[in-house]
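Chemist: Pasting a structure below so you can have a look.
Residue numbers (our numbering): 360 to 593.
Spelled out as structure tokens, the structure:
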């Protein structure tokens, strides 16, 4: 029996969860228009209390590694690494897109409509972070990538099979691909959640598939872009 504390801060939402092996024990989620990752420490404390545990009862820390928001991922990973160092516990990292696919894969009425799941996270302009997974077995068939959405996007895949698009990047895809007969879009929004991170982390815990805590960095997928104000000559 093992307790896993999971942290998810890849997007505007922020969530924490406790799993006993692969069973969800406690969940705390916070969603705001602006990033809510600043509340992460409080959410961690609350979910451990809700599970009736102490910090020392935790056997492993799991975190969403990305892709996603640069700031959110940095806060989530830094917090997870800090807990691992302090508690001397192993670190497990889970791909955010895989966690999104896991959530939708449990919607039996939905996955019967398609053979592929395509989780999407909003990047910039008409770009998304995405991957593709086979429904049911959740096997990855298209690796994580940054993709520009235009009329040619997913053309080959949509010729052969039905695809469900979801996540906060799917709206920009809907306007371009919505008329494709094999393209399906979930009506309700789906946000990454620590409940999926913890469920997937149990397999890594069993396999002892741990990260090097000192060296681990978030999976940003692309370099963080920033603008430097031009200097004014005197």
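Each residue gets a CB set at the ideal place from its N, CA and C atoms; glycine is no exception.
May I have the straight-line CA-CA distance separating residue 522 from residue 573, to the nearest angstrom?
Modeler: 39 Å
Chemist: Could you tell me if residue 576 is buried or exposed, where buried requires 16 or more neighbouring beta carbons within 10 angstroms of its beta carbon?
Modeler: exposed
Chemist: In terms of alpha-carbon separation, which member of 529, 491, 492 lies closest to residue 549?
Modeler: 529
Chemist: From this set, 480, 473, 495, which residue's C-alpha is nearest residue 507's C-alpha?
Modeler: 480
Chemist: Would you call the CB atoms of residue 375 and residue 387 closer than 8 Å?
Modeler: yes
Chemist: Nearest-angstrom Cα distance between residue 473 and residue 555?
Modeler: 21 Å
Chemist: Go ahead and label residue 430 buried or exposed: buried means 16 or more other beta carbons lie within 10 angstroms of its beta carbon, across all protein chains shown.
Modeler: exposed
Chemist: On the DSSP letters alone, give me the boundaries of the alpha helix (DSSP H) that residue 467 sits inside.
Modeler: 467–470
Chemist: Measure the alpha-carbon distance for residue 524 versus residue 564 and round it to whole angstroms.
Modeler: 30 Å
Chemist: Among all the DSSP beta bridges, which residues are the ones paired with residue 425?
Modeler: 454
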